[in-house]
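Chains as they are written, first to last, in the UniProt record's numbering: chain A, 1 to 341; chain B, 1 to 341.
I have placed the structure first, in the form of structure tokens, so that the comments after it can refer back to it.
Number of protein chains: 2
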Amino acid sequence: MIIEFRPDFRSSQLTTMSTHPLTNSHEVPARSSSDGSAVALRVRGLATSECVGRGTVLDLAGLQAETKTTRVWAVVFDVLRATTVIVRAIESGALGVRPCLTIDQARAVATAQPSSSRVLGGERGGKAIDGFDLGNSPAEYTPERCRGRLVVLTTTNGTRALEAAAGAERVFVAAFVNLAATARHLVACLERELQAAPIRDSWAPPLLLLVPAGTDGRVSQEDVLAAGGLIAALQDQVQAAEPARPPRLRFTCDDDETLLAHLAWRAVAAERQTAATATDRDAILAERLKWGRGGRNLLDLGFGRDLEDCARVDSLPRVVARDPNSGLLVAEESDSPPSVA
Amino acid sequence: MIIEFRPDFRSSQLTTMSTHPLTNSHEVPARSSSDGSAVALRVRGLATSECVGRGTVLDLAGLQAETKTTRVWAVVFDVLRATTVIVRAIESGALGVRPCLTIDQARAVATAQPSSSRVLGGERGGKAIDGFDLGNSPAEYTPERCRGRLVVLTTTNGTRALEAAAGAERVFVAAFVNLAATARHLVACLERELQAAPIRDSWAPPLLLLVPAGTDGRVSQEDVLAAGGLIAALQDQVQAAEPARPPRLRFTCDDDETLLAHLAWRAVAAERQTAATATDRDAILAERLKWGRGGRNLLDLGFGRDLEDCARVDSLPRVVARDPNSGLLVAEESDSPPSVA
Chain A
1 MIIEFRPDFR SSQLTTMSTH PLTNSHEVPA RSSSDGSAVA LRVRGLATSE
51 CVGRGTVLDL AGLQAETKTT RVWAVVFDVL RATTVIVRAI ESGALGVRPC
101 LTIDQARAVA TAQPSSSRVL GGERGGKAID GFDLGNSPAE YTPERCRGRL
151 VVLTTTNGTR ALEAAAGAER VFVAAFVNLA ATARHLVACL ERELQAAPIR
201 DSWAPPLLLL VPAGTDGRVS QEDVLAAGGL IAALQDQVQA AEPARPPRLR
251 FTCDDDETLL AHLAWRAVAA ERQTAATATD RDAILAERLK WGRGGRNLLD
301 LGFGRDLEDC ARVDSLPRVV ARDPNSGLLV AEESDSPPSV A
Chain B
1 MIIEFRPDFR SSQLTTMSTH PLTNSHEVPA RSSSDGSAVA LRVRGLATSE
51 CVGRGTVLDL AGLQAETKTT RVWAVVFDVL RATTVIVRAI ESGALGVRPC
101 LTIDQARAVA TAQPSSSRVL GGERGGKAID GFDLGNSPAE YTPERCRGRL
151 VVLTTTNGTR ALEAAAGAER VFVAAFVNLA ATARHLVACL ERELQAAPIR
201 DSWAPPLLLL VPAGTDGRVS QEDVLAAGGL IAALQDQVQA AEPARPPRLR
251 FTCDDDETLL AHLAWRAVAA ERQTAATATD RDAILAERLK WGRGGRNLLD
301 LGFGRDLEDC ARVDSLPRVV ARDPNSGLLV AEESDSPPSV A
């Protein structure tokens with residue numbers, strides 16, 4: 001059975017329809033189903049220019065008022081290359097990653113640490129920065145360089161997106177390399193909350209906000225595709241997590257950006273399914289990424305290898321989240337999500 | 001053979017690759033191929049908020065400077081429902097459609113005409129306007145109401161998008177109902193220009209700008225899908241128009257918005273291919289449109305029939321363009337495109 005997610009229809013014309021007439025897939029129950037058998041998480045995507053473009057910041061307060069929820073969980077994507085690098089650094093054993101907007105800020109943060117306990121990395125215009133330990137290629141962030149150290153990273157679009165989302169209750173860092181791990185963790189956290197809620201009907205699920213960092217305020221193909229890939233992974237996880245008894249967790253797409261991101265990913269996923277091996281599937285995605293502006297820029301700079309590394313779907317099964325106390329981006333184990341302040 | 005369009009790669013790493021390694025499709029020759037065998041039209045999409053959102057206007061001069069072309073052909077999409085209504089009115093024999101931003105402006109334009117020679121239509125908040133002849137449903141614009149008359153139409157998002165694009169060399173009006181007709185006409189115009197150019201290498205093809213009107217400055221699923229559908233239709237037409245000898249017309253996607261629009265449409269097209277009849281295919285698209293904000297609004301207002309009418313792909317094979325002299329939206333025959341001022 002294929003469960004497709006549906007928006008939270010207000011129209012009575014559709015809420016009574018339980019089976020998709022043409023694909024035989026079943027409609028996700030609406031958010032406040034009267035028998036309490038399902039609770040829906042709403043997923044929303046933001047057009048890049050609305051959240052982090054051109055120096056503006058994400059209007060979280062406005063979003064909370066509009067959606068009538070104070071709980072926002074943000075997932076930030078800067079696939080080429082900041083969020084892929086961050087996930088790789090954490091996978092390689094870094095204690096945490098501190099994203100910095102400016103080179104001076106990064107140097108200052110790094111200087112405050114003993115040199116043996118930190119790594120200074122980043123890029124400007126895609127290129128490595130003079131005097132920094134590392135550039136912005138995932139392959140550079142090896143266990144040898146990262147284990148037990150703080151990584152201080154300065155990039156432009158990804159850092160700006162992370163800062164814009166900092167006011168959210170939770171902030172996650174995602175890329176193609178950790179889609180399934182992130183989706184599994186999100187669903188596990190929500191299931192745990194749902195099961196622990198004293199009165200289930202009163203449990204207020206967070207709004208999941210997908211934030212594609214984009215490039216200089218314009219939409220980036222790769223970030224939108226990764227957001228769409230997370231939606232597909234959430235679908236898989238929700239079905240896998242199906243409990244024996246209600247309530248079940250469902251989710252709905254809250255806006256057109258999210259619907260489009262999921263559709264775009266589905267086209268790429270269909271292409272990927274024509275390949276026999278995971279390596280070939282990732283090569284198809286890498287090829288697709290070359291068509292976008294970010295991919296072309298990387299090729300021009302000679303970073304074709306990075307494109308391939310960033311396209312290895314689920315190769316780094318690691319959940320990375322912002323620690324609410326320190327603001328550091330750290331590994332998060334499924335068993336112990338930090339308590340929210 | 002499936003020809004996929006490719007961006008105008010600047011990287012020498014890719015321009016030598018003539019066959020897609022995994023799908024056996026062939027790369028479109030780059031724009032300035034040395035043997036002059038192909039000339040590429042560049043297609044660009046604009047995120048809604050950049051062109052018509054929140055009262056800003058499309059920065060055509062900036063676009064021309066950035067893309068180094070003075071020739072921009074814009075295609076405007078407001079599928080639900082303005083551009084579908086406009087195409088329907090022209091198909092029903094209207095002499096032309098005059099889009100107006102305000103109700104007062106529409107009344108003034110209408111009053112200047114004998115009542116027997118005009119029809120006054122439009123919507124506010126999706127609903128019909130007091131004292132107007134027609135609302136904003138395609139089915140209302142019948143031959144009985146439209147033939148031989150001027151249609152004065154006031155809508156919000158679609159009119160704003162058309163005004164924003166008015167400075168382009170050509171402005172076309174498109175919706176799902178006339179995708180193939182529009183693509184066929186565009187390719188025919190370009191082929192004619194190309195064949196007539198005294199020195200073919202010096203022919204400067206226009207930049208094709210896809211303008212999804214969106215809703216209040218936010219992306220609309222249906223407008224982006226229709227833009228993606230036009231790209232797919234252009235692919236079909238370019239292949240169908242393949243001349244016996246070079247130069248051949250090719251096109252490239254110039255930005256990530258365009259790539260994403262095409263991917264999103266491909267996912268819907270794959271869904272549509274599972275249906276046996278055109279009616280079932282259109283029902284799949286109509287169902288998909290119900291998931292977006294615009295579709296939900298129409299359902300809430302009781303306009304489910306309009307959704308179905310707007311989802312009838314290629315049901316109205318009519319090309320509609322802005323007359324460069326009068327500014328009216330009029331029928332354009334493939335045989336006689338107007339000369340550009």
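Note that beta-carbon positions come from the ideal geometry of N, C-alpha and C, so glycine has one too.
Values in this document were obtained by computation on a predicted structure and should not be read as measured data.
Give the interface partners of V268(A) over in chain B, defined as CB-CB distance under 7 Å, in chain order. On the first sequence, residue 268(A) is found 268 positions in, with the first residue counted as 1. Ordered by position in chain B, the residues that pass the 7 Å Cβ test against V268(A) are L263.
Buried or exposed: which applies to Q221(B), given that a residue is buried once 16 or more other Cβ atoms fall within 10 Å of its Cβ? Taking the first residue of the second sequence as position 1, residue 221(B) is located at position 221. Per the 10 Å Cβ criterion, buried.
Under three-state DSSP, which class holds P143(A)? By one-based count along the first sequence, residue 143(A) stands at place 143. The answer is helix: DSSP assigns P143(A) an H, G or I state.
R288(B) versus G126(B): straight-line alpha-carbon distance, rounded: Sequence index remark: in the second sequence, residue 288(B) carries index 288 (1-based). Sequence index remark: in the second sequence, residue 126(B) carries index 126 (1-based). Distance between the alpha carbons of R288(B) and G126(B) is about 20 Å.
Closer than 7 Å by C-beta to S308(B): which residues in its own chain qualify, once you throw out the five before and the five after it? Chain order, please. One-based indexing of the second sequence puts residue 308(B) at position 308. Looking at the sequence shown, residue 308(B) is not Ser but Glu. Take E308(B), set aside five residues on each side of it, and the residues of its chain with a beta-carbon closer than 7 Å to its own are A286, in chain order.
Quick one: which residues of the region 293 to 324 of chain B get their C-beta closer than 7 Å to a C-beta of chain A? List them in chain order. R293, R296, L299, D300, G304
Tell me whether the region 63 to 75 of chain A and the region 137 to 148 of chain A touch, counting them as touching only if at least three CB pairs, one residue from each stretch, are closer than 8 Å. They do not touch, by the three-pair rule.
When you compare the region 106 to 117 of chain B with the region 156 to 170 of chain B, are there three or more beta-carbon pairs, one atom per stretch, that lie closer than 8 Å? no
Rounded Cβ spacing between A108(B) and L120(B) (contact assumed at less than 8 Å): As a working note, residue 108(B) is residue 108 in the second sequence. As a working note, residue 120(B) is residue 120 in the second sequence. Contact doesn't hold; Cβ gap of about 11 Å is too wide.
Residues of its chain near D282(B), where Cβ-Cβ distance is below 7 Å and the 5 sequence neighbours each way are ignored: Position 282 of the second sequence, counted from the first residue, corresponds to residue 282(B). If you ignore the 5 residues before and after D282(B), its C-beta comes within less than 7 Å of the C-beta of A311, R312, V313, all in its own chain and listed in chain order.
Give the DSSP bridge partners of R124(B), in chain order. Here the question's residue 124(B) lines up with position 124 in the second sequence. Note: R124(B) sits in a beta bridge opposite K127(B).
What are the boundary residues of the beta strand (DSSP E) that W73(B) is part of? Within the second sequence, numbered from 1, the residue matching residue 73(B) stands at position 73. Note, W73(B): beta strand (DSSP E), 72 to 77.
Mapping DSSP to helix, strand and coil, what is T155(B)? Taking the second sequence and counting its residues from 1, the one referred to as residue 155(B) is at position 155. Coil, per DSSP.
Is any non-hydrogen atom of the ligand FAD found closer than 7 Å to the C-beta of L194(A), if you look at the structure I gave you? Although the ligand FAD was asked about, the structure shown includes no ligands whatsoever.
So if DSSP puts A331(A) in a beta bridge, which residue, or which two residues, is it bridged to? Indexing the first sequence from 1 puts residue 331(A) at position 331. Beta-bridge pairing links A331(A) to V320(A).
Out of curiosity, what's the CA-to-CA distance linking E332(A) and R88(A)? Looking up residue 332(A) in the first sequence gives position 332. Looking up residue 88(A) in the first sequence gives position 88. Cα to Cα, E332(A) sits roughly 14 Å from R88(A).
Inter-stretch contact (C-beta, 8 Å, three-pair minimum) for the region 204 to 212 of chain B and the region 146 to 158 of chain B: They do not touch, by the three-pair rule.
Relative to the C-alpha of I103(B), which candidate in R124(B), L95(B), V85(B) has its C-alpha closest? Here the question's residue 103(B) lines up with position 103 in the second sequence. Among R124(B), L95(B), V85(B), the Cα nearest to that of I103(B) belongs to R124(B).
Taking only beta-carbon atoms, is S220(B) less than 8 Å away from chain A? Residue mapping note: residue 220(B) aligns to position 220 of the second sequence, counting from 1. Answer yes: the Cβ-Cβ gap between S220(B) and chain A drops below 8 Å somewhere.
N136(B) in three-state terms, based on DSSP: Here residue 136(B) corresponds to residue number 136 of the second sequence, with the count starting at 1. N136(B): coil per DSSP, three-state reduction.
Going by DSSP, what residue range makes up the alpha helix (DSSP H) through G304(A)? Here residue 304(A) corresponds to residue number 304 of the first sequence, with the count starting at 1. Note, G304(A): alpha helix (DSSP H), 304 to 310.
Nearest to D256(A) (by Cα), restricted to the options V330(A), P205(A), D130(A), G228(A): By 1-based counting over the first sequence, the position of residue 256(A) is 256. For D256(A), the nearest C-alpha among the options comes from G228(A).
Here's a check: name, in chain order, each residue in its chain whose Cβ is nearer than 7 Å to the Cβ of N297(B), leaving out the five neighbours to either side. Your numbering for residue 297(B) matches position 297 in the second sequence. Here the set comprises G126.
With distance defined between alpha-carbon atoms, name the residue in P138(A), T156(A), G327(A) nearest to residue 343(A). This structure gives no information on residue 343(A), because the portion of chain A shown stretches from 1 to 341.
Beta-bridge partners of V119(B), as assigned by DSSP: If you number the second sequence from 1, residue 119(B) lands on position 119. According to DSSP, which records beta bridges pairwise, V119(B) is partnered with V151(B).
DSSP three-state call for N325(B): helix, strand or coil? Walking along the second sequence from the start, residue 325(B) turns up at place 325. In this structure, N325(B) counts as coil in the three-state DSSP scheme.
Quick check on V224(A) - is its C-beta less than 8 Å from some C-beta in chain B? By 1-based counting over the first sequence, the position of residue 224(A) is 224. Cβ-Cβ to chain B under 8 Å: yes for V224(A).
Return helix, strand or coil for L210(A), following the three-state DSSP convention. In the first sequence, counting from the first residue as 1, residue 210(A) sits at position 210. Strand at L210(A).
Check each candidate in R118(B), G167(B), L134(B), D280(B) and name the one with the smallest Cα separation from L95(B). Numbered from 1 along the second sequence, position 95 holds the residue referred to as residue 95(B). Checking every option, the nearest Cα to that of L95(B) belongs to R118(B).
CB contact below 8 Å: D255(A) versus chain D: Although the question refers to chain D, the structure presented lacks it and instead comprises the protein chains A and B.
Do L316(B) and R322(B) have their beta-carbon atoms positioned less than 8 Å apart in this structure? Counted from its first residue, the second sequence places residue 322(B) at position 322. Counted from its first residue, the second sequence places residue 316(B) at position 316. No; because the gap between Cβ atoms is not below 8 Å, this pair is not in contact.
Just confirm the distance between the C-beta atoms of A40(A) and R250(A), as a whole number of angstroms; I'd bet it's less than 8 Å. Your numbering for residue 40(A) matches position 40 in the first sequence. Your numbering for residue 250(A) matches position 250 in the first sequence. 4 Å between Cβ atoms; contact.
Does the beta-carbon of S137(B) have 16 or more other beta-carbons within 10 angstroms, so that it is buried, or is it exposed? Taking the second sequence and counting its residues from 1, the one referred to as residue 137(B) is at position 137. By the neighbour-count rule (16 or more Cβ atoms within 10 Å), S137(B) is buried.
Could you pull the start and end residues of the alpha helix (DSSP H) that L249(A) belongs to? Here residue 249(A) is taken as the residue at index 249 of the first sequence, counted from 1. Premise fails: L249(A) lies in the beta strand (DSSP E), 248 to 253, not in any alpha helix (DSSP H).
Could you check what DSSP says for V97(B) in three-state terms: helix, strand or coil? Working through the second sequence from its first residue, we reach residue 97(B) at position 97. Three-state DSSP puts V97(B) in a strand.
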